[in-house]
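Chemist: Chains as they are written, first to last, in the working numbering: chain A, 19 to 411; chain B, 19 to 411.
2 protein chains.
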Amino acid sequence: MENFQFYSPTEFVFGRDTEDKAGELVKKHGGSKVLIHYGGGSAERSGLLGRVRASLDKAGISYTELGGVKPNPRDTLVYEGIELCRKEGIDFILSVGGGSTIDSSKAIALGVPYDGDFWDFYCGRAVAKAALPVGTVLTIAAAGSEGSGDSVITKEDGGLKRGTGTDLIRPRFSILDPQLTCTLPAYQTACGATDIMAHVFERYFTNTTEVEVTDRLCEAVLLTMIKETPRVIADPNNYDARANIMWAGTVAHTNIVGVGREQDWNSHGIEHELSALYDCAHGAGLAVIMPAWMEFVYKHNALRFAQAATRIWGCQMDFEHPEVTALEGIKRFRSFLHSIGMPINFAELGAREKDIPALVEKFGIGGGRTGGFVHLSAEDIAEIYRIAAKAEL
Amino acid sequence: MENFQFYSPTEFVFGRDTEDKAGELVKKHGGSKVLIHYGGGSAERSGLLGRVRASLDKAGISYTELGGVKPNPRDTLVYEGIELCRKEGIDFILSVGGGSTIDSSKAIALGVPYDGDFWDFYCGRAVAKAALPVGTVLTIAAAGSEGSGDSVITKEDGGLKRGTGTDLIRPRFSILDPQLTCTLPAYQTACGATDIMAHVFERYFTNTTEVEVTDRLCEAVLLTMIKETPRVIADPNNYDARANIMWAGTVAHTNIVGVGREQDWNSHGIEHELSALYDCAHGAGLAVIMPAWMEFVYKHNALRFAQAATRIWGCQMDFEHPEVTALEGIKRFRSFLHSIGMPINFAELGAREKDIPALVEKFGIGGGRTGGFVHLSAEDIAEIYRIAAKAEL
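#1: My parser needs the alpha helix (DSSP H) runs of 4 or more residues fully inside the region 353-381 of chain B; what are they?
#2: Can you look up Arg221(A) in the DSSP assignment and give me helix, strand or coil?
#3: Would you report the Cα separation of Ile374(A) and Val87(A), rounded to the nearest angstrom?
#4: Which residues mark the beginning and the end of the alpha helix (DSSP H) in which Asp398(A) is found?
#5: Rounded to a whole number of angstroms, what is the C-alpha to C-alpha distance between Gln281(B) and Leu292(B)?
#6: Does the structure place the region 178-198 of chain B close enough to the region 214-231 of chain A that three or more beta carbon pairs sit under 8 Å?
#7: List, from N- to C-terminal side, the alpha helix (DSSP H) runs of 4 residues or more that fit wholly inside the region 241-308 of chain A.
#8: Looking at the C-beta of Lys147(B), does it have a partner C-beta in chain A at a distance below 8 Å?
#9: Got a sec? Which residues, its chain only, sit under 6 Å from Val392(B) by beta carbon, not counting five neighbours each side?
#10: Would the beta-carbon of Asp398(A) be found less than 7 Å away from any heavy atom of the ligand ZN?
#11: From what residue to what residue does the beta strand (DSSP E) around Thr172(A) run?
#12: Could you name the residues of chain B that Ile274(A) contacts, counting a contact when the two beta carbons are closer than 8 Å?
#13: Locate the alpha helix (DSSP H) running through Thr82(B), then write down its first and last residues.
#14: Skipping 5 residues on each side, what residues in its chain have a beta carbon closer than 6 Å to that of Gly99(B)?
#15: Between the region 99-115 of chain B and the region 35-52 of chain B, do three or more beta carbon pairs fall short of 8 Å?
#16: Are the C-beta of Glu42(B) and some C-beta of chain A separated by less than 8 Å?
#17: Where in the region 118-188 of chain B do unbroken runs of the alpha helix (DSSP H), each at least 4 residues long, occur, reported from the N-terminal end onward?
#18: Quick check on Val114(B) - is its C-beta less than 8 Å from some C-beta in chain A?
#19: Verify the CB distance criterion: does Pro27(A) have a CB-CB separation below 8 Å to chain B?
#20: Kindly list the residues whose CB is nearer than 8 Å to the CB of Phe22(A), restricted to its own chain and excluding five residues on each side of it in sequence; keep chain order.
#21: Applying the criterion that 16 or more other CB atoms from any shown protein chain within 10 Å of the CB defines a buried residue, is Asn255(A) buried or exposed?
#22: Please determine, among Gln206(A), Trp311(A) and Gln334(A), the residue with the shortest C-alpha to C-alpha distance to Lys408(A).
#23: Can you give me the C-alpha to C-alpha distance between Asp297(B) and Gly129(B), rounded to a whole angstrom?
#24: My output table needs one value for Arg92(B): the three-state DSSP class, helix, strand or coil.
#25: So which of Val342(B), Glu228(B) and Glu246(B) has the shortest CA-CA distance to Arg249(A)?
#26: Around the Cβ of Leu321(A), are there at least 16 other Cβ atoms within 10 angstroms (buried) or fewer (exposed)?
#27: Given Ala146(A), which residues of its chain have a CB within under 6 Å of its CB, disregarding the five upstream and five downstream residues?
#28: Could you name the residues of chain B that Gln23(A) contacts, counting a contact when the two beta carbons are closer than 8 Å?
#29: Helix, strand or coil for Pro203(A), going by three-state DSSP, please let me know.
#30: Going along chain B in order, which residues have a C-beta closer than 7 Å to the C-beta of Arg234(A)?
#31: How is His318(B) classed by DSSP in three states: helix, strand or coil?
#32: From the beta carbon of Glu246(A), is the nearest beta carbon of chain B less than 8 Å away?
#33: What residue from Val152(B), Val269(B) and Asp258(B) has the CA that sits closest to Leu198(B)'s CA?
Okay, here's the thing in structure tokens:
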């Protein structure tokens with residue numbers, strides 16, 4: 019196990035009707051003038067924004083609003099938010115939505131106290147020194163942004179998708195009411211579940227040895243997702259299944275299941291180019307990419323993949339041919355994703371094989387290699403896209 | 019799943035030589051005048067105290083010291099610590115030791131800013147409003163106090179052992195260096211491992227339904243302990259096994275594996291009377307009590323015990339007779355405890371069956387019942403002591 023620091027100071031308030039505590043939580047965490055940042059009209063139509071406003075009113079907290087966050091959140095709205103916050107003297111950002119809204123909120127939070135262009139933090143030109151505090155009311159179990167210090171933003175001009183990470187933007191509190199996720203369409207629910215599982219697998223496949231505790235914690239989250247996801251696809255109003263998925267999604271991404279070990283994250287990087295180019299859902303892109311990545315790399319440590327197959331997917335171990343077991347696990351993962359309504363190849367995702375050279379070009383490693391479980395060259399990444407393009411059950 | 023709040027703001031700094039960061043961490047978390055609180059001479063002899071002092075010196079932080087914390091930490095030393103802190107104008111308590119030292123530190127932290135008797139918080143006469151900040155350098159994986167808001171203190175006069183819990187005493191940081199635990203005798207290591215497993219089982223046996231995610235997380239910690247504990251008993255210097263146990267112990271008690279569900283804690287309560295009367299190690303007492311408690315209550319939900327038996331202990335499920343599987347799991351737990359050197363009955367612990375009426379009397383529920391998985395009467399508790407007294411493999 020490697021040395022690590024783990025710091026997750028977010029106050030999680032979980033359960034039915036917890037959005038009514040938004041006002042008292044903003045107050046407790048030092049906010050007095052709030053920007054409510056949200057996405058489309060559904061937060062208004064569902065009555066959620068109304069309840070949040072009522073809660074802020076009750077706590078005597080004033081607020082301004084900025085809606086319009088889209089999936090794969092854009093830099094353009096972030097600039098607008100930064101300007102608005104400065105003009106209104108905002109001291110707290112309350113994010114009402116999913117990962118895109120939270121990531122957009124975090125970007126605004128970083129930009130407000132910074133003299134330069136907030137994009138500096140996303141392209142590695144600067145390290146953040148300060149940020150406005152952020153709180154969240156989560157509406158979809160997926161990105162884990164409600165419990166992380168990460169944010170991913172897409173540059174409108176050119177579609178560049180880049181991320182940044184700092185403890186400064188870990189939410190002060192996150193309100194998790196599983197009821198809010200019951201109205202999600204099955205496709206979005208499945209995309210979220212795929213994202214959660216991918217967050218765990220990115221940590222699971224590692225070259226660090228002797229990490230039993232985090233292996234087991236990773237497996238715990240995955241076993242939960244495998245049990246609970248089909249239940250919410252079958253019955254969107256199953257509160258308990260929604261609740262298990264929501265907490266699993268948060269645990270998956272606070273990094274408590276991934277400390278002390280090298281992590282991979284190449285599937286996320288490879289997927290980002292798909293959602294940037296086709297504006298597809300991140301989870302759907304991951305469903306296509308991650309099993310393909312697994313098929314490309316599994317021989318690097320077939321026993322680790324066999325461990326996943328037996329412990330997570332319930333495969334019988336073939337002790338004479340561990341690679342057979344390893345492949346069987348990957349196959350079951352793809353079948354599972356298909357069973358919850360996810361695409362499994364380029365055609366089902368709406369991606370085009372002929373774009374592969376452009377995707378690889380945009381990934382932008384030139385003649386170098388990525389880090390992670392297996393260090394990938396541009397040609398390796400092209401091959402993963404090709405496997406993903408043609409995948410079948 | 020039930021509604022819950024989860025808040026664990028402790029900064030965990032984990033790995034080799036992390037004790038050298040004590041000074042910078044105290045500074046980061048606002049301390050300038052520190053009480054170093056510790057136990058016996060081993061922290062001095064091992065050179066740990068010297069390294070901590072050097073780290074504080076380097077950060078320009080002044081300090082006073084108070085040693086002498088004993089297992090089952092006493093109120094008398096807490097009073098001494100409170101007086102010393104007030105006299106010296108201490109603004110931060112740095113706890114160097116195990117659960118007893120941390121619990122004593124937390125009690126001092128609560129007592130300093132309080133006008134009345136600190137014991138008020140432990141016997142339920144008052145609710146704490148403030149506390150000095152606490153940081154820890156952990157020397158044994160066991161109590162989980164390094165990541166919890168709990169503290170248990172024993173009243174010297176009469177041996178009353180009582181606990182309190184508040185977010186105010188969650189450590190600001192905890193330094194976890196597995197190397198520091200390599201010098202522990204096997205018996206203490208095993209006591210610590212038993213305590214960690216007990217913390218999980220107290221959460222695992224619940225009447226709350228639909229808690230798959232926390233069930234799986236509990237099982238993850240237990241499976242880790244079952245793999246790693248025999249390795250450190252066989253080879254005390256196995257760093258990786260020590261590291262897995264140390265992080266498992268912290269995760270077990272931040273409550274991330276226990277949120278959203280009713281918990282039990284009767285085994286802890288029943289054990290506390292043993293360690294208060296005989297001054298035995300808490301973990302050793304738990305090794306005797308917890309399997310006995312399980313045998314007394316398992317019929318209340320035999321399928322939950324069968325789940326534990328199959329998922330944790332690898333038993334084959336007897337679908338015609340789930341109670342047989344349930345009992346087999348309990349038997350394997352006791353055998354496991356015995357295999358790591360723990361006592362399994364009163365004789366091995368040094369307890370006396372004839373004291374049972376006195377133990378029950380001191381437990382102090384009179385004609386009432388406890389809460390938890392099964393609500394126990396005084397007679398039930400007596401029966402659990404009797405089962406524990408006579409237990410065999």
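Note that the Cβ used here is the ideal one computed from N, Cα and C, for glycine as well.
Since the model is a prediction, treat every value here as computed from it, not as a measurement.
Modeler: According to the structure shown:
#1: Given a length threshold of 4 residues, each whole run of the alpha helix (DSSP H) inside the region 353-381 of chain B is given here in chain order: 364-367 and 374-381.
#2: Taking the first residue of the first sequence as position 1, residue 221(A) is located at position 203. Residue state, collapsed to three classes: helix.
#3: For the purposes of this step, residue 374(A) is taken as the residue at position 356 of the first sequence. For the purposes of this step, residue 87(A) is taken as the residue at position 69 of the first sequence. Between Ile374(A) and Val87(A), the C-alpha separation is close to 28 Å.
#4: In the first sequence, the residue the question calls residue 398(A) occupies position 380. In the DSSP assignment, Asp398(A) falls within the alpha helix (DSSP H) that extends over Ala396 to Lys408.
#5: Locating residue 281(B) in the second sequence gives position 263, where the first residue counts as 1. Locating residue 292(B) in the second sequence gives position 274, where the first residue counts as 1. Between Gln281(B) and Leu292(B), the C-alpha separation is close to 21 Å.
#6: The region 214-231 of chain A is not in contact with the region 178-198 of chain B.
#7: List check, alpha helix (DSSP H) in window: 257-272 and 284-296.
#8: Start at 1 with the first residue of the second sequence, and residue 147(B) comes out as number 129. No, Lys147(B) does not count as interfacial toward chain A.
#9: Against the second sequence, residue 392(B) aligns to sequence position 374. Closer than 6 Å at the Cβ level, and outside the excluded window around Val392(B), lie Val315 and His318.
#10: This structure does not include the ligand ZN; it has no bound ligands of any sort.
#11: Reading the first sequence from its first residue, position 154 is the one you call residue 172(A). For Thr172(A), the enclosing beta strand (DSSP E) begins and ends at Asp168 to Thr172.
#12: If you number the first sequence from 1, residue 274(A) lands on position 256. Around Ile274(A), the beta-carbon contacts reaching into chain B at under 8 Å are Val269 and Ile274.
#13: As a working mapping, residue 82(B) is identified with position 64 in the second sequence. Premise fails: Thr82(B) lies in the beta strand (DSSP E), Ser80 to Leu84, not in any alpha helix (DSSP H).
#14: By one-based count along the second sequence, residue 99(B) stands at place 81. Excluding its 5 nearest sequence neighbours in each direction, Gly99(B) has C-beta neighbours in its own chain below 6 Å: Leu84 and Ile126, listed in chain order.
#15: These segments touch.
#16: For the purposes of this step, residue 42(B) is identified with residue 24 of the second sequence, where counting begins at 1. By this cut-off, Glu42(B) is not an interface position.
#17: Counting only runs of 4 or more, we get 137-140.
#18: Position 96 of the second sequence holds residue 114(B). No, because no Cβ of chain A sits closer than 8 Å to the Cβ of Val114(B).
#19: By 1-based counting over the first sequence, the position of residue 27(A) is 9. Cβ-Cβ to chain B under 8 Å: yes for Pro27(A).
#20: Numbered from its first residue, the first sequence carries residue 22(A) at position 4. Here the set comprises Val277 and Gly278.
#21: One-based indexing of the first sequence puts residue 255(A) at position 237. Within 10 angstroms of the beta-carbon of Asn255(A) lie fewer than 16 other beta-carbons, which makes it exposed.
#22: Within the first sequence, residue 408(A) is the residue found at index 390, counting from 1. When C-alpha distances from Lys408(A) are compared across Gln206(A), Trp311(A) and Gln334(A), the shortest belongs to Trp311(A).
#23: Residue numbering aside, residue 297(B) sits at position 279 when the second sequence is read from its first letter. Residue numbering aside, residue 129(B) sits at position 111 when the second sequence is read from its first letter. Distance between the alpha carbons of Asp297(B) and Gly129(B) is about 25 Å.
#24: The residue given as residue 92(B) occupies position 74 in the second sequence. Strand at Arg92(B).
#25: Taking the first residue of the first sequence as 1, we reach residue 249(A) at position 231. Ranking Val342(B), Glu228(B) and Glu246(B) by Cα distance to Arg249(A) puts Glu228(B) first.
#26: In the first sequence, counting from the first residue as 1, residue 321(A) sits at position 303. Leu321(A) comes out exposed.
#27: The residue given as residue 146(A) occupies position 128 in the first sequence. Hits under 6 Å: Leu128, Phe139, Thr184 and Leu186.
#28: Along the first sequence, read from residue 1 onward, the residue named residue 23(A) stands at position 5. Those are Glu29, Phe30, Val31 and Phe32, listed as they occur along chain B.
#29: Here residue 203(A) is taken as the residue at index 185 of the first sequence, counted from 1. If DSSP states are grouped into helix, strand and coil, Pro203(A) belongs with coil.
#30: Position 216 of the first sequence holds residue 234(A). Counting only Cβ-Cβ distances below 7 Å, Arg234(A) has contacts in chain B at Ala238, Leu241 and Thr242, in chain order.
#31: For this step, residue 318(B) is matched to residue 300 along the second sequence. Correct three-state label for His318(B): helix.
#32: Position 228 of the first sequence, counted from the first residue, corresponds to residue 246(A). Yes, because at least one Cβ of chain B sits closer than 8 Å to the Cβ of Glu246(A).
#33: As a working note, residue 198(B) is residue 180 in the second sequence. Residue nearest to Leu198(B) within the set Val152(B), Val269(B) and Asp258(B) is Asp258(B) (criterion: CA-CA distance).
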